[in-house]
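Note that the protein sequences, when read in sequence, are chains A and B.
Numbered according to our numbering, the first sequence spans residues 3 to 430.
Numbered according to our numbering, the second sequence spans residues 1106 to 1352.
Backbone N, C-alpha and C fix where the C-beta goes; we use that ideal spot for every residue, glycine too.
This structure is a prediction, so every number in the text was calculated from the model and none was measured.
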Amino acid sequence: MRKLLLMLFILLLTSTAWASVYDYPFINGYEATVLGTPSLYRAALPEKIPSKMMELTVFAERKIPGVFWYQNKFRYSFSSQKGEAPLIFVIAGTGASFYSAKMRVLQKAFYQAGFHVICLSSPTYFNFIVTASKSGVPGNLIEDSRDLYRVMQLAWEQVKDKIKVSEFYLTGYSLGAAQAAFVAKLDEDRRRFNFRKVLMINPPVSLYNSVKILDGMLEDNIPGGLDHFYEFWEEMMRRLSETYKLMGYIEFTENFLYDVYRKKGPPSEEFLAALIGISFRISSENMVFAADVMSNAGFIVPKNRVLSATDPLTDYVKVAARTSFEDYFDGLFYPYFASQHPGISKEALIESMSLKSIELYLQRARKIGLVTNEDDIILAPGELDYLVKVFGARAKIYPNGGHCGNIAEKNNINYIVGFFRNERGAGQ
Amino acid sequence: MLMVLLVGFLGYGCASTPVQKEPEIPPKRPVSEFVKKGVKYPIDAYDPWEGMNRRIYIFNALFDQYVFLPIVRGYEFITPDFTQKGVSNFYNNVHEITTLINSLLQFKMQKFGITLSRILLNTTIGAAGLLDVSTALEIRKQNEDFGQTLGFYGMGPGPYLVLPVFGPSSLRDAGGLAVDVVSYSYITGAVMDEADLNWQIQLGVTVLDAIDTRHQQSFRYYATGTPFEYELIRMLYLRKREFEVEH
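Following this line, the structure appears as structure tokens:
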């Protein structure tokens, strides 16, 4: 009997130990960011959940330019529970939609946990800029959070008769995490939701620092500079061909990438950084062009030119692809906000786009928690320490995972969901 | 219905030409300065019929939204998931005839062998193709068509072409598609005649084929999140085909 008890005890102990050990395979931040989470390490989530794509009009009087004729409505997704449950808003990262791969992971996790879920595209996402950004010039945390707060209220108006809500939660990853903090602060004044808990997942500290790091990844890692991007592209195609010969097939999934990784070994850090840089530049190309058209800024498209649905845009792609965030900041963003707030300096504007500008609030708001990784590549030197200092026990820091690479990892999903479920408050 | 949409749309394209009010001012980052001669761009493509292509692209998006997808959603609503899967497996199995023929035309005997064993396995053990046992056994699906066969024998893609309903193509691939459709219809038609199926059933089989094809395709127009979707799809299509011809 004692032996049996002992065995049972050991079994219980080991199984809980298993469950609580963070188990994520990539120890290099670049690898994690690109390769994500292979299925062996992923949280068990339902294949399919009930989810509806919803549409609404934010600005009734807004005339959508002909070239963007198909962006006529603001779109978001909504998953509801049968009975009373908390409603969580989830905000996507830079350039990502409500339906991005990471958003679907979070959506399924929260739905599985029994929450109503509303997923919102990033204010830097094309559809958001055209339909829901008041200025049409995204990137300003304060303004973007007001835009978010507006669509959250409209979405809530649209669904509130269909569901029973016990309380409101808020989260976001990457840029969406920083916006979540600003939205939470705005809500302290406006009190429409009274968010009970807010979780920031892999936020930047200073937006400006982070985008400069990402811009640099592209510009510093294309051999010969951006004028030679075509050669780099050809090299990527050659590697794809090699991979096909090695594997016998190609599949664009995290599992396939992991299989290739195990067969071929890790790619060089420069190559991975370049890939991250390209991915970020594509997001920013879309954002810059949309912002330029919507605000008629005369940045890439001639001022007052009215583009139609069938105008060729290839030349604009090329210019946008050569436009860094710094170029956008200097040539469109700063001039716009300087015209709105005469006398504002560049430094002051940059400062306002940082968590540091709401530091006191973040320190005091016990309901706000943070999850990030020691090797998150978007953090500048010292910024991780800063987060630890501000959030203290409310910060959950994993040793590895890169930038959102571990977002689907079992223990991380448990932590993220548990943060909201836990009644004792943040950091417990 | 299709013609009404098409005609209506082509007219819309002209009617919506905007009236210029304020004079244009050159931008801060003009094309003339930032697009350099002699620099190559992956986004470039031989697209001499771009105006027409863009109109057809928009037509396809509207056709998808108002005709094709509602039908597909209706189909998905009334049939259980496992039936949908069986239907997809069935048509995929039959469509591998195209890969079989074109592997042979290029003397790609490995692909021919893989495809032949897939068809045999799926048709027998896989209950007339309703189950894809081959993929479960990691005998992966191959892909060859007449466009690739033409490419294999040295024909370039020619101008980019957006086909109504079918979507992105090239002059070469459109010709290849026509050949594949004719030979496929000939073979499947002969089989169905042999089985004494009347024309209504034969038509039904073809319509369900089209619905299933769209059901299997996850692409949604204007969901890529980029204002440059036409350019992006064009680049990806042409690259993909280049890759497929090479392998």
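For residue 1333/B, the chain A residues whose Cβ falls inside 9 Å of its Cβ are 287, 288, 291, 315, 316, 318, 319, 322, in order along the chain. Of all residues in the segment 217-239 of chain A, those with a C-beta nearer than 8 Å to a C-beta of chain B are 229, 231, 232, 235, 239, reading in chain order. At a cut-off of 7 Å, the C-beta of residue 298/A has no neighbouring C-beta in chain B. Near chain B, meaning a CB-to-CB distance below 9 Å, the residues of the segment 241-262 of chain A are 242, 243, 246, 247, 250, 251, 252. Listed by position along chain B, the residues whose Cβ is nearer than 8 Å to that of residue 312/A are 1118, 1156, 1159, 1160, 1163. The criterion of a C-beta distance shorter than 7 Å is not satisfied by residue 299/A and residue 351/A.
In the three-state reduction of the DSSP assignment, residue 1196/B falls in the helix class, which pools H, G and I. Residue state for residue 302/A is assigned as coil, using DSSP reduced to three classes. At least one CB of chain A lies nearer than 7 Å to the CB of residue 1147/B.
Rounded to the nearest whole angstrom, the CA to CA distance from residue 73/A to residue 1301/B is 50 Å. The beta-carbon of residue 304/A is placed less than 7 Å from the nearest beta-carbon of chain B. Looking at the backbone, the Cα of residue 1281/B and that of residue 399/A are separated by about 55 Å. By alpha-carbon distance to residue 1274/B, the top candidate from 1196/B, 1309/B, 1253/B is 1253/B. Under DSSP, residue 44/A forms a beta bridge with 411/A. Leaving aside the five residues that flank residue 1327/B on each side, the residues in its chain whose CB is nearer than 7 Å to its CB run, in chain order, 1166, 1334. When 1321/B, 1297/B, 1236/B are compared, the shortest CA-CA separation from residue 1310/B is found for 1297/B. Nearest to residue 312/A by C-alpha distance, out of 1164/B, 1144/B, 1129/B, 1131/B, is 1164/B.
Contact of residue 1245/B with chain A by beta-carbon distance below 9 Å involves 250, 251. Among the CB atoms of chain B, one or more fall inside 7 Å of the CB of residue 99/A. The three-state reading of DSSP puts residue 402/A in coil, since its state is none of H, G, I, E or B. As computed with DSSP, residue 57/A is found in a beta bridge with 77/A. Listed along chain B are 1332, each with a C-beta nearer than 9 Å to that of residue 70/A. Remark: C-beta atoms of residue 1203/B and residue 1149/B do not approach each other more closely than 7 Å. Residue range 1155-1168 is occupied by the alpha helix (DSSP H) that includes residue 1165/B. Between the alpha carbons of residue 1169/B and residue 1308/B lies a distance of about 21 Å. Residue state for residue 279/A is assigned as helix, using DSSP reduced to three classes. Remark: fewer than three beta-carbon pairs, one from each stretch, lie closer than 8 Å, so the segment 366-379 of chain A and the segment 55-75 of chain A are not flagged as touching. Annotation for residue 1153/B: 1264 place their beta carbon closer than 6 Å to its own, counting only its chain and skipping 5 residues before and after.
Take residue 1246/B, set aside five residues on each side of it, and no residue of its chain has a beta-carbon closer than 6 Å to its own. For residue 173/A, the secondary structure class from DSSP, reduced to helix, strand or coil, is strand. Taking a 10 Å sphere around the C-beta of residue 252/A, we find fewer than 16 other C-beta atoms and assign the residue as exposed.
For residue 208/A, the beta-bridge partners assigned by DSSP are 356/A.
Among the residues of chain B, those whose CB is under 7 Å from the CB of residue 128/A are 1330, 1331, 1332, following chain order. Per DSSP, reduced to three states, the secondary structure at residue 255/A is coil, with no helix or strand assignment. Only residues of its own chain outside the window of five on either side were considered, and among them 1274, 1275, 1276, 1279 have a CB closer than 6 Å to the CB of residue 1266/B, listed in chain order. According to the DSSP assignment, residue 118/A belongs to the beta strand (DSSP E) that extends over 118-122.
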